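Undergrad: Below is the structure I would like to discuss, written out as structure tokens.
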Amino acid sequence: MYDFNPNFGLLASFDPASNTLAAQAVQDKGTVCRWMNQTSRITIDIAISSPGPTSFAAAKAAAKSGSAVNGIGDAAYFSVSGGIGTLQAFSGEFWVSAASPAFASSDDAATIMASAVASTN
2 MYDFNPNFGL
12 LASFDPASNT
22 LAAQAVQDKG
32 TVCRWMNQTS
42 RITIDIAISS
52 PGPTSFAAAK
62 AAAKSGSAVN
72 GIGDAAYFSV
82 SGGIGTLQAF
92 SGEFWVSAAS
102 PAFASSDDAA
112 TIMASAVAST
122 N
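Right, dumping it as structure tokens:
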């Protein structure tokens, strides 16, 4: 995260809002974290889970409504909704997502996502 922006700090605890990818990851017994910019208070949510074949396929199908992104995991998709940019990657059995108002394009999230996806190997 420091390479992305040294002003972001990891929050000690994080309860994701319902109906978010992070909440889905918690339900799937995955790992979630939230980073906050210490000046602007903008957040970045990272979620990693291994939801099982049926949920994995459903998540991947839903993510395909976004724009395909090359070079991250086996498949990756970016979308913006309600001012939140979200990059989802599928790597092996893992579903990885990064969501933030700081992500206007997939390029904004690419470095963070590449690191998160690499952690699943």
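Using the numbering used here, read the sequence shown as starting at 2 and increasing by one per residue.
Beta carbons: idealized from backbone N, C-alpha and C, even for Gly.
Predicted model, so just to flag it, every value in this text is computed and none were measured.
For residue 42, count neighbouring Cβ atoms within 10 angstroms of its own Cβ and tell me buried if that reaches 16, exposed if not.
TA: That one is exposed.
Undergrad: Identify the residues that DSSP records as bridge partners of residue 38: which are they?
TA: Partner(s): 9.
Undergrad: Taking 7 Å as the limit between beta carbons, can you name the residues of its chain near residue 65, skipping five residues before and five after?
TA: Within the same chain, residue 65 has close Cβ partners 78.
Undergrad: Flag this pair as touching only if the region 67-78 and the region 30-38 have three or more C-beta atom pairs under 8 Å; answer yes or no.
TA: The region 67-78, when compared against the region 30-38, does not touch it at the 8 Å Cβ threshold.
Undergrad: From the DSSP output, in three-state form, read off residue 57 for me.
TA: Helix.
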